Structures are given as structure tokens and as C-alpha cells.
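J.: If you read the sequence shown in my numbering, its first letter stands for residue 885, the second for the next number, and so on. Submitted below is the structure of interest, expressed as C-alpha cells.
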Amino acid sequence: MAVRRVVPNVQSEAAQESREFYGLLGFEEVMNHGWIRTLASPSSPTAQISLMAGDKTAPVVPDMSVEVDDVDAAYAAVRESGAEIVHPLQDEEWGVRRFFVRDPNGPGCRRGAGRARGWPRLGGAPRTGW
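Here it is as C-alpha cells:
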């Protein structure tokens, strides 16, 4: 299993303002599903940041997204480890197969309104592309 990219997810109730702020650093919007926007560097497209107020199908906003080449293998490894699965492996309607797992740091630290640290999202490549 190989990691393709890692994207920090920033919880933002002001997505347009956040988009403009990160635009000052050269990021451009490459995906917008309404509830999540992904910004990327034009010169280095895998340098990305996602902005989201809330997740469409999961109970939490993840701190980061890790794209792997084999999400089923990643899910099996995480399950075998005994880590807590927060959002089960599933195919999402927007073309991503993903799951959420709790980081060993757990939810001890809280950021923002009800956002727990330690919720990375692992997923495979979007079937439709970003």
C-alpha cells in the first residue's frame, strides 16, 4: 500500500473567506462540493488543503485526509490493529471510497465547536477525479 497524498482539513464556517485567505498563498480551488472545498497549488498540485464546515456523511470533520492506492488494504490493517473506526469503509456518492479512524492521540484535545482531534480520513482515489 502506498500513500499518494496527505491533505490537512480545516474546519471553517467561513469557507469563502478561508478560500480567499489561502488564495493569498497561491492556492486555487480545484474542487467544490458545497460542504467541502479543496484548494491546490498550481505549481505543485498535490500540495492541497481542504476547507469544510461539516462532513456530509460522517459524524466528525477529520483533521486530515490520507489518500492511499489500496483503501481496502488500509482498512484491513487498521481493523486488525484494533484502532477505533469512526466512519466505516464505504463508497461515497461523490466517487470516493473512504473510512475514518481515530488517531492514537484520541479526542483529548478539542478544537472549535465539537471538533475532536485525531480523526484522520483514509480513502482511495476519487473515481471521477478532482
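Backbone N, C-alpha and C define an ideal beta-carbon position, used for all residues, glycine too. Since this is a predicted model, take the numbers as computed values, not measurements.
Alpha carbon to alpha carbon, what distance is there between Arg982 and Leu909?
T.: 29 Å
J.: Exposed or buried, which one is Gln895 when buried takes at least 16 other CB atoms within 10 Å?
T.: buried
J.: Would you kindly check if the distance between the Cβ of Met948 and the Cβ of Asn989 is under 8 Å?
T.: If you check the CB distance, Asn989 and Met948 do not come in under 8 Å.
J.: With a threshold of 16 other CB atoms inside 10 Å of the CB of Trp943, please say whether the residue is buried or exposed.
T.: Note that residue 943 is Pro in the sequence shown, not Trp. With fewer than 16 Cβ atoms within 10 Å of its Cβ, Pro943 is classed as exposed.
J.: Which of the three DSSP states, helix, strand or coil, is assigned to Arg903?
T.: helix
J.: Where does Arg888 fall in DSSP's three states?
T.: strand
J.: Please name the residue in Gln900, Ser925 and Phe984 whose C-alpha comes closest to that of Tyr959.
T.: Nearest of Gln900, Ser925 and Phe984 to Tyr959, Cα basis: Phe984.
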